[in-house]
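Scroll down for the structure; my scribbles are underneath it.
In this note's numbering, the protein residues as written are 7 to 118.
So this is what it looks like as structure tokens:
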């Protein structure tokens, strides 16, 4: 995994709407920053299990955590796989992100 990690161009940071920003979320976020990942999407999952007030609280907490980072304007998509909420929006955000990216490495060259 370490060898492949240097080639990461983008990330989807997954946050459970019921749990919010957890210690493992923070660890994953710090790894993304250490790897100098330039693009990210925030997927707020299990949105079908919480009310609108809880969603707003969690979203505000996420935005507060990201406010002084490269990802302060990262798209945040509400998702529920069980109820098929936000899946198409997530796909659209991935397509937008890909159109903005430039590969970090020459993908025409062989790699080990």
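All C-beta atoms in this analysis are idealised placements derived from N, C-alpha and C, irrespective of residue type, glycine included.
Under the three-state DSSP convention, the category residue i falls into
i: residue 22; result: strand
i: residue 82; result: strand
i: residue 77; result: coil
i: residue 91; result: strand
Cβ separation of residue i and residue j, assumed to be a contact under 8 Å, to the nearest whole Å
i: residue 48; j: residue 68; result: 6 Å
i: residue 71; j: residue 27; result: 6 Å
i: residue 53; j: residue 91; result: 6 Å
i: residue 41; j: residue 65; result: That pair is no contact at about 25 Å.
i: residue 14; j: residue 43; result: 6 Å
i: residue 35; j: residue 19; result: 6 Å
i: residue 23; j: residue 51; result: 6 Å
Residue i burial status per 10 Å Cβ neighbour count (16 or more: buried)
i: residue 99; result: buried
i: residue 4; result: The displayed coordinates of the chain run from 7 to 118. Any statement about residue 4 would go beyond what the structure contains.
i: residue 3; result: This structure does not reach residue 3, given that the chain is present from 7 up to 118, and the question cannot be answered.
i: residue 75; result: exposed
Residue span of the beta strand (DSSP E) that contains residue i, given as start and end
i: residue 51; result: 45–51
Beta-bridge pairing of residue i - partner residues as DSSP gives them
i: residue 38; result: BP columns for residue 38 are empty, so no partner.
Terminal residues of the alpha helix (DSSP H) in which residue i lies
i: residue 63; result: 58–72
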